[in-house]
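Notes follow the structure.
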């Protein structure tokens, strides 16, 4: 992918995801458990809903980030049963890449294994927040995998942010996405940083 185009698209996605983060209107809590809340609201961009999860971990944003960052061979591949593999297809800069994430079948194999090809931008903010921002892209080095259905991610992201006036707790806001975050958020917040 052309680096200039990738930078433009990724910054547009980061702005969209930041809008999701800042806009508190219309979210309805669908689940709360063990300090984790999952909310949803209808999307104005596509038919379906946006979901977001929030929880507080007794860790620094960097420690939480190590558990969720998009990295080949990273911790997320180890703890997230919804990720079977993660690979970098093209590294554009040290904070911008194209990745492929593969997921297993689900719902007693009624949902086929999927693979997602995304443009991913990692951003760091002055307040210590770290975010990943992603959206679906096509890439010539990444044709569909045999036996997998190509998934499509609308603009989505994950924020690891420090709580104001405290250290080390960090607030985690996983990516708004059209798929359910309940299982991932609950598992991550209860198990990954033990």
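Residue numbers (the UniProt record's numbering): 1 to 194.
The beta carbon of each residue, even a glycine, is placed where N, CA and C say it ideally should be.
Per DSSP, the beta bridge partners of residue 133 are 121 and 157. Put simply, of 104, 55, 29 and 56 the residue whose alpha carbon is nearest the alpha carbon of residue 77 is 104. The continuous stretches of beta strand (DSSP E) do not include residue 142, and DSSP gives it neither H nor E. Here residue 131 is buried, its C-beta having at least 16 other C-beta atoms within 10 Å. Each residue's CA atom was taken as its position, placing residue 42 and residue 17 some 15 angstroms apart.
Excluding sequence positions up to five before and after residue 145, its CB lies within less than 6 angstroms of the CB of 115, all in the same chain and listed in chain order. Of the residues 152, 31 and 110, the one whose Cα lies closest to the Cα of residue 53 is 31. Between residue 70 and residue 122, the CB-CB gap stays under 9 angstroms. Taken in chain order, the complete alpha helix (DSSP H) segments of 4 residues or longer contained in the region 39 to 122 are 61 to 68 and 75 to 79. The C-alpha of residue 40 is placed about 5 angstroms away from the C-alpha of residue 28.
Taking the C-beta atoms as reference points, residue 93 is found no nearer than 9 angstroms to residue 162. In this structure, residue 119 and residue 98 form a Cβ contact; the two beta carbons are roughly 6 angstroms apart against a cut-off of 8 angstroms. Using a Cβ distance threshold of 9 angstroms, residue 36 and residue 160 do not count as a contacting pair. Nearest Cα to residue 102 within the set 126, 48, 90 and 152: 152. If you look at residue 11, you'll find it in the alpha helix (DSSP H) that goes 3 to 22. For residue 126, there is no enclosing beta strand (DSSP E), since its DSSP letter is neither H nor E. Looking at the DSSP output, residue 33 bridges to 36.
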